[in-house]
Each structure stands twice: as C-alpha cells, then as structure tokens.
Amino acid sequence: MRLLSRRSRLALTLLCLQFAVAAACFGQAKPQAARHFDSGIDIYGGYGLYQPLNSYVNGYQYHAISSPNVTASFADYITPSFGVQVEGSYFTGNNNVNGQYGACGTITCNQRIYTAEAGPIYRWVEGPFVPFVHVLGGGVRMNGPAQQSLTWGEGATVGAGVDYVLPILHHHFAIRPAQVDYQYAHISYPGAAPLKGGEANINAVKISAGLVFHLREADEHITPLVYGCSASPIDVFPGETVTVTGSTVGLRSKRTPDYSWATKGGVLTSNGQIATIDTTGLDAGQYDVIGRISVGSQPGQQSYCSAPFNVKAYSAPTIACTGSTEQAEAGTTLEVDCTGRSEQNRQLTYSFTTSAGQLAVDRNKAMLSTAGLPPGNITVTGTVKDDKGKSATSTVVFVITAPKPPPVSPVTQLCVLNYSRDVHRPARVDNEAKGCLDQMALALNRESSSKLVVVGNSDPAEKPEVAAERAMNARQYLVNEKGIDSARISVRVGETSGKTVKSYLVPAGATFAEPNTQRFDEKRIVRHGQAYGVPRKPGSKPVHHKAAAKKAAAPATK
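In our numbering, each residue's number is its place in the sequence shown (first place is 1) plus 4.
In structure tokens, the structure reads:
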C-alpha cells in the first residue's frame with residue numbers, strides 16, 4: 005500500500021477537524037435558549053481543493069487540483085432540518101489540457117473535473133453555527149493523467165460542513181468556513197490502454213469554503229399555518245370515546261406551538277395535537293370539536309380546525325334461537341340454543357318460557373322435558389335483555405308426537421307332540437309327550453305375559469275329531485299337572501298332516517296368524533279314554549283320569 009502524499013494527509017486532517025468543529029458547535033449551541041433564523045433555501049458558492057487518494061489508471065496517478073475552480077449548491081429544506089440538495093463543481097486543471105476531447109498533452113498534467121450530484125441534506129439549527137451533513141450521488145466527468153479524454157462516469161459524495169449565520173442583513177448571509185467531502189468516481193475511458201483507455205476508481209477529498217445566501221425565510225409568518233383535524237371513530241354510541249387528531253401544514257416556527265380544544269358535548273381531555281372526548285350521557289345527535297394552534301399573535305400565526313362526530317341512539321339487542329330438532333316423541337328432552345347480539349356490546353341476560361313441559365335454563369340454553377305430554381305443538385320463547393332494559397325475543401316450535409309402542413316379540417313355535425306310537429290310544433298324552441309339555445310350561449312361567457296356542461293335527465285315515473281331542477288332552481295336562489291358567493292356553497285344530505300337536509308361544513301384543521288352523525266348539529267334542537297317563541308310585545293302585553262324557557261329534561268351527 006502506498007503512503008499518502010502530503011496534500012492527501014493534509015486533506016484528511018482537515019476532514020477530521022471539520023467534523024470535530026461541527027460537533028463542538030452543535031454541542032455548544034444546543035443548551036442555548038435563543039434560536040436563530042433558519043432559511044428555507046440555501047445557495048452556496050465556494051473555492052476549494054481536490055485531492056485524489058492513491059488513485060490510478062493504467063499505473064498513472066491522479067494528482068491534486070487547486071487551480072481555478074468553483075463548488076456551488078442549491079438546498080431546499082422541506083422541514084427546518086431536512087432538505088434536498090443539488091451540487092455541482094468544476095476544476096479547470098492546468099494548461100497542459102488541450103485538444104477537443106480534453107486530453108492531457110503530457111503525462112504530468114492535472115485533470116479537469118465536472119461533477120453534478122444531488123441528495124438529502126440534514127442540518128442542526130440551534131444557534132449561529134449550523135452544522136450539516138449530506139449524501140449525494142450523480143455523474144462525474146473527468147479526464148485521465150495520461151491521454152484519457154474527458155469521460156462521464158458515476159460518482160458519490162459524503163461530507164459535512166458548518167455555516168456561521170451573520171447577524172447582519174436580517175440573517176440572509178452566512179459564511180461557510182469549511183466543507184469537507186469524500187468523493188468517489190468510477191470512469192471507463194474509451195480507447196486503447198495504457199495511454200488512452202482504462203477503468204478508473206478514484207477516491208478523493210474535496211475541501212471548499214465560501215459564502216451562503218439564504219433565499220427564503222422558513223418562519224411562520226412567511227407560510228400561513230393550515231390546521232386540520234379528524235375524529236375517529238366518527239359514529240359512536242353514548243359512553244364510547246372519540247379521539248381527535250390535529251395536523252399542521254406550514255409549521256416551520258422555532259417556537260413551541262400552543263394547542264387548545266373545545267367541544268359542546270362530552271368530557272374533553274387534550275394532550276397537544278390530540279384530544280379525547282368521553283361521550284357518556286350524551287343524547288343522540290351531531291357534535292363538533294374545535295381545535296386551535298398558535299405560534300404568535302401575527303396574521304398567519306394561528307389556525308383553527310373543526311371535526312364533527314355523531315352520537316347514535318342505543319339500539320335494542322337481537323336474538324336468534326334454534327331447536328335441536330323440529331319433531332320429537334313425547335318423553336324426549338329437547339334443547340333450545342339462543343344467540344343474542346348487542347351492537348353496542350352491552351351486557352346481556354337470557355330468559356325462557358314454554359307453552360308446555362318443564363324447562364331447565366343454563367345461560368343462553370334451555371332443556372325442555374316433554375315427559376307425559378300429549379301430542380301437539382310446544383312453543384319455547386327465548387328473551388334477551390341488555391343492561392339498558394331493551395329486549396328482543398325469538399321462538400322455537402316443536403311438534404310432539406305420541407311415543408311409538410314398544411316392539412312386539414314374534415310368535416315362536418315350541419316343541420311338537422307325536423301320537424303315532426300308541427295305535428290303541430291315539431289321543432292319549434304319553435310319557436314322551438310329557439317332556440315336550442314340560443318345556444311349554446317352563447316357557448309360560450318364564451314369560452308370564454305370553455299365551456300358548458296348541459294346534460291338534462290328524463292323519464287322513466283318522467276321524468277329524470281326534471285332532472281336537474289331542475289338543476284338549478295336552479291343555480288338560482298343563483292345567484292339572486303344571487298349574488298353568490287355562491285362560492292362557494288356546495286350542496285349535498289344524499291340517500291332516502299327521503298325528504301331532506304343535507305348540508306356539510304368543511308374546512303380549514303379538515297376534516297368532518298361523519294359516520290352516522281354526523277354532524272348534526269344545527262342547528261338541530267327545531273325548532275317549534284317558535287324557536294322559538300318570539306314573540304310579542311303588543305299591544300304589546293305578547289312577548285313571550276319566551275323560552269327559554261322550555257327546556255327539558260335531559264339525560269344527562272357524
């Protein structure tokens with residue numbers, strides 16, 4: 005790395021000194037109570053030194069320039085401290101620059117430089133010393149140290165300075181004792197290297213000093229104040245808060261503004277440019293908030309604004325109720341769910357009434373018990389009420405139907421009695437048949453509400469009456485030996501399908517509809533012989549069950 009030249013070291017020293025002076029001026033000026041004039045537009049013109057820092061192109065070094073030059077700038081301040089600046093500079097170089105392209109006639113000549121840049125500028129206006137910093141960017145036109153012609157490239161500048169505002173001529177002039185900038189430029193020269201072409205990255209320090217003219221005064225009496233304000237929200241209900249915010253155009257005064265607010269309704273609290281209004285207790289209607297800003301007693305130093313807001317009357321709440329179903333059987337528990345809404349977010353309470361049944365209420369829900377109710381419609385009404393006493397209702401209608409009867413068990417066929425073994429006593433219940441009859445008795449005892457249908461059948465070669473005898477003998481055994489109530493046993497005759505007795509268990513509510521069976525007139529049936537055999541105990545005499553008296557045979561009836 006090459007050592008800096010004497011001029012370069014001097015330039016860097018002045019740059020550091022310049023920042024130190026600016027900081028010291030700001031630090032001393034800030035505690036002062038008095039403010040000084042600050043301009044709206046600054047025009048600067050000065051003379052300076054351009055010092056490249058170890059910058060080369062094709063091995064040829066750029067040299068310092070102090071020949072006739074000028075640096076001029078125009079700054080327009082949007083606020084008292086922040087603005088936009090346009091700056092240009094021109095360094096003539098020395099007499100070795102010639103030719104229509106501005107190329108050096110010798111390798112030792114100094115360069116000619118044009119700059120045109122723009123960017124933001126920021127200053128501290130606290131007293132007669134006004135420090136500032138700026139950042140600029142734009143174009144740089146410069147020739148090279150050999151025979152590179154004047155060529156435009158890109159440039160950037162970062163720097164600082166300080167102005168001293170003169171107390172004469174109404175503060176319209178200031179002296180800029182020093183402005184120190186770091187400048188960077190990138191230029192691509194046309195032509196063939198090494199004497200003409202090449203890429204150059206130039207780092208340099210530019211130091212200038214001169215005079216500043218304040219073209220426009222940035223004080224409040226130059227630009228009249230314009231004060232505006234707005235309310236948020238515009239539409240409110242009594243008890244809600246309205247916030248009014250003020251905004252100012254043209255406020256460039258160094259004095260502290262005085263804000264005041266007034267309203268004809270509500271309780272007002274102000275804090276500078278913001279005011280809040282408590283609307284508790286206000287009637288419905290439109291109200292205005294008046295704001296005022298003042299920075300002095302001269303014309304244009306005060307301004308007023310007005311912000312309207314509306315207070316709306318409280319509206320009643322709304323409610324919507326829904327039922328868990330539209331139709332249900334009596335005995336069902338139904339649910340009603342209600343949702344209330346208050347536009348003003350008031351506190352809500354719920355209540356319920358019903359045309360029938362019992363209600364159990366849990367906040368916005370109700371459970372309806374329909375036990376024991378007859379078929380028909382039931383109306384449940386839900387009511388919501390806010391803390392202002394305003395209410396709304398909603399109804400739900402349920403259709404109640406009679407409960408369905410419990411399901412009926414089907415008719416079940418039990419065991420079959422067989423009479424084919426005893427040809428001499430074709431209707432007598434033998435011991436084998438008793439086992440089947442015992443099962444019938446167990447089934448009747450187990451299902452006390454059920455009944456038994458006993459169907460006697462006969463062989464085609466037999467008399468039809470023997471089928472009725474078989475059914476009657478089976479019933480007699482169940483009644484006499486098993487204690488079954490005879491009213492629970494029905495006897496029938498069936499088809500000529502064989503010497504059997506079929507049995508059917510009929511649950512309560514069920515209907516016996518077995519085809520090919522029919523009732524008969526028991527009084528016209530003559531039974532023959534013993535109804536069933538009774539086992540004898542050891543040493544006992546045989547017991548004979550006598551059949552009913554003989555009667556003339558009669559045909560069966562449906």
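Every residue gets a Cβ at the ideal spot worked out from N, C-alpha and C, and that includes glycine.
Counted within 10 angstroms of its Cβ, other Cβ atoms place residue i as buried (16 or more) or exposed
i, result
"I238", "exposed"
"T504", "buried"
"D366", "exposed"
"R479", "buried"
"A471", "buried"
"Q55", "buried"
"G44", "buried"
"V427", "exposed"
"I226", "Residue confidence is low: I226 scores 48 on pLDDT, short of 50, so the model does not pin down where it sits. Its coordinate-derived value is still stated next. Burial call: exposed."
"H190", "exposed"
"L446", "exposed"
"G270", "buried"
"V253", "exposed"
"A26", "Confidence at A26 is low in this model, with a pLDDT of 43, below 50, so its placement is unreliable and no value can be given for it."
"Q36", "Reliability fails at Q36, whose pLDDT of 37 lies under 50, so the model's placement of it is uncertain and no value is given."
"G513", "exposed"
"P194", "exposed"
"T357", "exposed"
"S490", "exposed"
"T561", "Confidence is the limiting factor: at T561 the pLDDT is only 45, short of 50, which leaves the residue's position unreliable, though a coordinate-based value still follows. Counting Cβ neighbours within 10 Å, T561 comes out exposed, since fewer than 16 surround it."
"K506", "buried"
"D391", "exposed"
"E158", "exposed"
Test item: CB-CB of residue i and residue j under 8 Å
i, j, result
"A324", "T353", "no"
"H138", "I117", "no"
"T245", "D282", "yes"
"V299", "P261", "yes"
"Y318", "P411", "no"
"R432", "A535", "yes"
"D80", "V216", "no"
"V74", "G49", "yes"
"E436", "P511", "no"
"Y508", "Q417", "yes"
"Q290", "G250", "no"
"R127", "S77", "no"
"G92", "I211", "no"
"T161", "Q187", "yes"
Residues bridged to residue i (per DSSP)
i, result
"Y60", "Q65"
"K210", "Y54, D185"
"L363", "L372"
"A437", "BP columns for A437 are empty, so no partner."
"I47", "F78, F217"
"P72", "In the DSSP output, where bridge partners are listed per residue, P72 has none listed."
"E330", "E330 is not bridged to any residue."
"A160", "G141, Y188"
"F241", "None; F241 has no bridge partner."
"I117", "F95, M146"
"P124", "V88"
"S298", "D262, Q306"
"G344", "I323"
From the options, residue whose alpha carbon lies closest to that of residue i
i, options, result
"P135", "R432, E518, V166", "V166"
"Y2", "P379, A79, C233, A475", "For the chain, the structure presents residues 5 to 562; residue 2 sits outside this window and is missing."
"G386", "G243, A512, S395", "S395"
"K316", "S301, D292, D434, D287", "D287"
"I382", "S355, G361, G276, G393", "G361"
"N314", "K392, A235, A320", "A235"
"I172", "E451, P132, V162", "P132"
"L199", "Q152, Y231, F217, V216", "Q152"
"G502", "I488, N58, V88, A465", "A465"
"T96", "F86, S77, P72", "P72"
"S328", "S507, Q183, T337", "T337"
"G533", "E473, F516, T515", "E473"
"L363", "P378, S301, V340, R345", "V340"
"V240", "S398, Q115, N349", "N349"
"A370", "V420, D442, V384, G380", "V384"
"P228", "Q305, G285, E526, I297", "Q305"
"K389", "S359, R345, P378, T399", "R345"
"V230", "T273, V129, I297", "I297"
Chain D contact for residue i (CB, 8 Å cutoff)
i, result
"A332", "The question asks about chain D, but that chain is absent: this structure has only one protein chain."
Can you find at least 3 beta carbon pairs, one from the region 365-375 and one from the region 307-320, that sit closer than 8 Å? no
Under 8 Å: do the region 458-467 and the region 491-503 share three or more Cβ pairs, one atom per stretch? yes
Would you call the region 388-406 and the region 321-337 touching, i.e. three or more CB-CB distances under 8 Å? yes
Is the region 193-205 in contact with the region 56-63, if contact means three or more CB pairs nearer than 8 Å? yes
Please determine if the region 141-149 and the region 170-179 are in contact, where contact requires at least 3 C-beta pairs separated by less than 8 Å. no
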